[in-house]
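The structure appears right after this line, and notes come after that.
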Amino acid sequence: MNDSILLINKNININQLNLRTWKEKRDDWIVVSIWLAMLSYALISNIIIIFGILRSNTMRAATSYWFIISLAICDIVMIIISLAHLIPATAFHESFTQVDSLRNIVMLSLYDLFWYTAVLQLGLMAFNRFISIVYPMEYKCIFSRKKTKWFIAIMYILGGIVSLPTLHPCCNIVWDSELYITRYLADFSWHTYVDMTVNSFSLLLMVISYAIIIYKVRESSKAMAKYQLTIRTRLLFQKQSTDIESTKYNSRTMSMLPPRGQVSKKEMRLFIQFFVVSLVFLITWTTWQWLPNISDSKWAYFVMTSLFFINNSVNPTVYIIFNTQLRRELCYMFCKNKTIKNGQSGKLRNKNPAVKMLNYLGNQHKNDPSSTDGDMVNSNSVVCGRKLSLTDNNKPEDV
């Protein structure tokens, strides 16, 4: 009888603890609604860029795009975990899962595996851009198909090793639905130093790589300015000449090529893509470090967690904005008339707004020989033993 009374009292106390005020429920549903919108966009955009890359033979064959696909896969897994676990836990709290439950611990450990993998891949992508722009002749050796597969596999292995301690009681990471944040279950964990080391190493690699790239771009701009000044001077002299020798001189002048170390517009766009993605990660991680020291409000933690979800959606957004070929593939994919026959009249082709935009982009590329957007290396370099044609993005030529 006494045991029954104790059990009833215990159930009453649990029900009282589970009762939430109207204000708390309102806050929860505001947070859930915002996060659902952010995660839905992130999931759709990441899936879209994967399909866009896989549709193009050129992008699919370029090793640098493999990093984008792998990073998108990491984002998709983190988004799915957030939608399947973090969102319901925030909406229903203890009714869905206990803070110290095994499911909460395992789901957060799996989330960390792909988070650390993505962090390490951001550092590797910065190194990829560094080699492509600063040492373009060594690019095909360092980032060959076989080596790139190994690099990506190693990133996943390292991500698993770093996240494995979170399954141990001393390092358990859980989702606290009351504060809208992930935290260590113990008051202190040595895993915080591991987390800081991994993130700091990746950030350091990004800073060094992009700093050298910026210096290279400045030097390249100076060389191009000098080259353009020389061309203008010779063309001015050519206009003033009227003899036959000037015609021969004209052929020699027009055959001049830009400096060999010149950074193309394509590489600059790719540099901007990876730089912006890395910058968002820098903001996310630094905010995670200093914001808890300023405020312990749940809304401050809400901002921190929201930055992680924004980080999942920034990657595909940046690639769609800056990558011309990816946009072209997406236009073809979502165009109403997906297949346009070669024998179709030009008048019918021009009626489609998407085709008009694609024609404009094609003309822009014809006028800019340094922009290919197909491969992520120099336009005159060789990738994986194949040289990509500038005129037909779907037909790589053997060297």
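Following the numbering used here, the numbering of the sequence shown begins with 24 at its first residue and continues without gaps.
Using N, Cα and C, we set each Cβ at its ideal position, and we do this for glycine too.
CB R83 to CB I73, shorter than 8 Å?
no
P188: beta carbon under 7 Å from a heavy atom of the ligand COA?
As presented, the structure is devoid of all ligands, the ligand COA included, so that no description of it is given.
Taking 8 Å as the threshold (C-beta atoms), are S336 and M130 in contact?
Note that the C-beta distance between M130 and S336 is not below 8 Å.
If you follow the alpha helix (DSSP H) that Y207 is part of, which residue opens it and which one closes it?
Careful: Y207 lies outside any alpha helix (DSSP H), inside the beta strand (DSSP E) at I204 to Y207.
Which ranges would you report for the alpha helix (DSSP H) in the segment 151 to 206 if only whole runs of at least 4 residues count?
162 to 165 and 168 to 186
On the DSSP letters alone, give me the boundaries of the alpha helix (DSSP H) that Q348 sits inside.
Looking at the DSSP string, the run of the alpha helix (DSSP H) that includes Q348 is T347 to F357.
Using the three-state DSSP reduction, which class does Q121 fall into: helix, strand or coil?
coil
For a test of the three-state rule: what should DSSP assign to W308, helix, strand or coil?
Correct three-state label for W308: helix.
Apply the 10 Å Cβ neighbour rule to L42 and answer buried if 16 or more other Cβ atoms are within range, or exposed otherwise.
exposed
Which term fits M356, buried or exposed, when burial requires 16 or more other beta carbons within 10 angstroms of its beta carbon?
exposed
Beta carbon of G183, beta carbon of L136: below 8 Å?
yes
Does DSSP put L42 in a helix, a strand or coil?
coil
Relative to the C-alpha of S232, which candidate in I53, S87, L106 and I154 has its C-alpha closest?
Comparing Cα positions, the closest option is I154.
Expressed to the nearest angstrom, what Euclidean distance is found between the alpha-carbon atoms of I67 and I96?
12 Å
Could you check which residue in H214, Y203, T44 and Y162 has the C-alpha nearest to that of I57?
Y203
How is S79 classed by DSSP in three states: helix, strand or coil?
In the three-state reduction of the DSSP assignment, S79 falls in the coil class, being assigned neither a helical nor a strand state.
Can you name, in chain order, every residue of its own chain whose Cβ lies under 8 Å from the Cβ of N127, other than the five neighbours on each side?
H108, A112, T120, Q121, V197 and W198
Note down, in chain order, each residue of its chain lying with its Cβ closer than 7 Å to the Cβ of F325, except the 5 sequence neighbours on either side.
V54 and Y203
Return the first residue and the last residue of the alpha helix (DSSP H) that F115 is part of.
For F115, the enclosing alpha helix (DSSP H) stretches over residues I110 to F115.
For F260 and A65, which I take to be in contact (beta-carbon distance under 8 Å), what is that distance rounded to the nearest angstrom?
About 57 Å separates the two Cβ atoms, so there is no contact after all.
Please list, in chain order, all residues of the same chain as S225 whose beta carbon is under 7 Å from its beta carbon, the five residues on each side excluded.
Residues of the same chain with a CB within less than 7 Å of the CB of S225, apart from the 5 flanking positions on each side, are V142, L143, L145 and G146 in chain order.
How should L330 be labelled, buried or exposed, when 16 other C-beta atoms within 10 angstroms of its C-beta is the threshold for buried?
With 16 or more Cβ atoms within 10 Å of its Cβ, L330 is classed as buried.
Have a look at N334, L133, H116 and I317 and flag the residue whose alpha-carbon is nearest the alpha-carbon of D50.
H116
N151 to S87, Cα distance in whole Å?
Straight across, the Cα-Cα distance linking N151 with S87 is about 7 Å.
Taking the alpha-carbon positions, what's the N80 to I317 distance?
50 Å
Counting Cβ pairs, one atom from each stretch, are 3 or more of them under 8 Å apart for the segment 210 to 230 and the segment 342 to 357?
no
Could you tell me the distance, in whole angstroms, from the CA atom of L314 to the CA atom of W308?
Approximately 10 Å between the Cα atoms of the pair.
Per DSSP, what kind of secondary structure is D210 in: helix, strand or coil?
coil
Among I295, R78, F174 and T310, which has the Cα closest to the Cα of F345?
I295
Where does S423 fall in DSSP's three states?
Here the chain comprises residues numbered 24 to 422, so residue 423 is not present and cannot be evaluated.
For S320, which option in E201, R241 and M148 has the closest C-alpha, if you only look at C-alpha atoms?
E201
Check whether the Cβ atoms of S167 and C193 lie closer than 8 Å to each other.
no
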